[in-house]
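The next block holds one structure in the form of structure tokens; read it before the comments.
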Amino acid sequence: MERQTVLNELVRASGRLSAESDFKGLVSVLVEQSADYSRSDLACLYIYTNPESSEGKLQLIYRRGIRDVPDVIPTDLELIEFLEECGEAVVLLSRKESPFEGLFLSSGMKSGMALPVKAGKRRLGVLILNSRSENHYGNDRFRYLDSLNRLAGGLLENARLMKELKEYLKRIEALERYQESIFKSMTNLLITTDDEGCVRYFNESARKAFALDDDDVGSRFSDLFGSGLGKKVLNTVDKAVNSGREYAGIEGIFRKSGTVDMDYALNLAPLMGTKGGKEGLTLLFTDQTRERSLKAQADTAVEQRRQIKDMFSRYLSKDLVKNLTENPEMVKLGGDKKSATVFFADITGYTAFSEGKDPEYIIEVLNAFFSEAVEIVINNHGYIDKFIGDCIMAAWGVPMKSEGADAVLAVTSALQIHELVRSRDRTFFRGNASKLKISVGMSSGPLVAGNIGSKRRMEYTVLGDTVNTAARLESVASAEEIIITRATRDLIGDKFKLEERKPVKVKGKEKPLEIFNVKGMN
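As structure tokens, then:
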């Protein structure tokens, strides 16, 4: 092939290379042009994974041809060691025993060429071409491939450096964005100045507190803050700029037209440059007015949680108390409208039983029963509202709602209490109290829940027609009965065996109430 033809093809391929600016594009042009011009059956470019280390390897990054080739070539291969040491190409015109037989990437190849890809003394990779024909790579092909390869090496190195530069700039931009996000999220007020006392930067908190805008960057700090900070503080700032010393714990009141007075604490520190030199000053203000406000809010929240814990810990399960203290907004201590289920569980025959008995004995009997019954209520997520003589008043759905489960849990509790009273293994209602039974009245609906009382004594309780109705139905219920309203019946569905009773007239209701007696679980 004539020299002029080689030169023309080289100029054309060089133009293609020069038109590419990214690393992948250059790799593609180098391999494709090399394969096209040399009419090779295989053309592969391997790149060093770590050019600076002897422990690196050559990784395949581009292949032209349908044959399977190694993805990785070890750098201790004799062919690679020769290319690295001499920096010259290796050509084999036939497949015979040779220390460089690693040049053949596939079993069907009979001649091949390996060219080191480098930029100056920096090694980049190896370009390997194979042909199924012997004596395929003559002088013209060698000159073309060698020249194109040398040109591509410099361009690939430039592209690599450009890629590294772009990645570096991206990291710098990411760090700057991260730094800016930190400064923006700071509650402290950050201002920096240059070595001449001019403002270079302020964060968002400082912008708002000191009524600054972008035009203030470059202004002298003393001009912007002189009237607000006072002469003494400005003198300290000047000392810090001139001496490079740190000053901590400077306190004062910032007063400036257009801003709210601010009780502040100020720390001054030299702003250090990348080479360790002082480039200005860092001023970090703490808004102590805001800090005190936040502390007061935190103290209020802590006190609110303490009140909730004190108020409910004896009358609710531990998991409900924990949930309430973590979510205090769920309890409106001043009063809140709720939809809940309330029951009154009363000891039938108590009046006759207590006649002539010692008060100590009566209290012992009541406490023994209450201790067992309360555990049942609490385990079913109920709230013990109060004890009224021999009666337990409990509610479900306050202070926390359990959706449709409230009424089911309330009825379940009533059944479990009856079952406990009937048990021969019970620890209460023994001896003279063995004939005592329990009657329960229950209602569901709207009510008001909240703190009732005075500063000396507060009590969380429930009020309303639903509560009154449940109390009236307890009087309707006979021993071992659980009388519920239509509203409760609609909430519990078919989970319980019910006996519909004749509607009853109760105090405070114009029309008779539909009632049901709960006989057991379905």
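If you want my numbering, it's the 1-based position in the sequence shown plus 2. Glycine is no exception: its CB is placed at the ideal position from the N, C-alpha and C atoms. Only a predicted model underlies this, so the values are computations on that prediction, with no experimental measurement involved.
Check, Outcome
"Unbroken beta strand (DSSP E) run spanning Lys388, endpoints", "385-390"
"Element boundaries [beta strand (DSSP E), containing Cys88]", "From DSSP, Cys88 is part of no beta strand (DSSP E) but of the alpha helix (DSSP H) over 80-88."
"Distance, Ser96 Cα to Lys123 Cα", "31 Å"
"Which residues DSSP lists as bridging Tyr266, in chain order", "Gly254, Asp289"
"Any 3 or more C-beta pairs closer than 8 Å across the stretch 418-426 and the stretch 494-512", "no"
"Cβ neighbours of Glu483 in the same chain (closer than 6 Å, five flanking residues each side left out)", "Ser441, Asn519"
"Given Ala116 as reference, the closest of Phe84, Phe371, Lys172 once Cα atoms are compared", "Phe84"
"Classification of Ile49 by the beta-carbon crowding that lies within 10 angstroms, buried from 16 upward", "buried"
"Any chain D beta carbon closer than 9 Å to Arg41", "Absent from the structure: chain D. Only one protein chain is present."
"Under 9 Å between C-beta atoms of Gly254 and Leu270", "no"
"Stretch pair the stretch 146-155 + the stretch 33-47: three plus CB contacts closer than 8 Å", "yes"
"Nearest-angstrom Cβ-Cβ length linking Val201 and Ser221, presumed shorter than 8 Å", "6 Å"
"Pairwise C-alpha distance: Lys403 and Asp427", "34 Å"
"Contact check, Leu107 vs Arg69, beta carbons under 9 Å", "yes"
"Buried versus exposed call for Phe223 [16 or more other C-beta atoms within 10 Å across all chains shown]", "buried"
"Cβ neighbour criterion (16 or more within 10 Å) applied to Gly443", "buried"
"Distance between Val410 and Lys439 (C-alpha atoms, nearest Å)", "22 Å"
"Cβ contact check for the stretch 462-471 and the stretch 446-454: 3 or more pairs under 8 Å", "yes"
"Alpha helix (DSSP H) segments (min. 4 residues) lying fully within the stretch 376-441", "407-424"
"Anticipated Cβ contact below 8 Å, Ala472 with Val344, distance rounded", "4 Å"
"Start and end residues, alpha helix (DSSP H) containing Leu236", "233-245"
"Residue range of the alpha helix (DSSP H) that includes Arg491", "488-494"
"Asn230 vs Lys210 beta-carbon contact at 9 Å", "Per the sequence presented here, residue 230 reads as Gly, with Asn not at that position. Result no, Cβ atoms of Gly230 and Lys210 do not sit closer than 9 Å."
"Residue from Glu80, Ser135, Gly455, Ile486 whose Cα sits closest to the Cα of Ser445", "Ile486"
"Terminal residues of the alpha helix (DSSP H) in which Tyr39 lies", "25-40"
"Through-space distance from Phe498 to Tyr385, alpha-carbon basis", "22 Å"
"Candidates His138, Ile494, Lys513, Ile517, of which the one nearest Leu475 by Cα", "Ile517"
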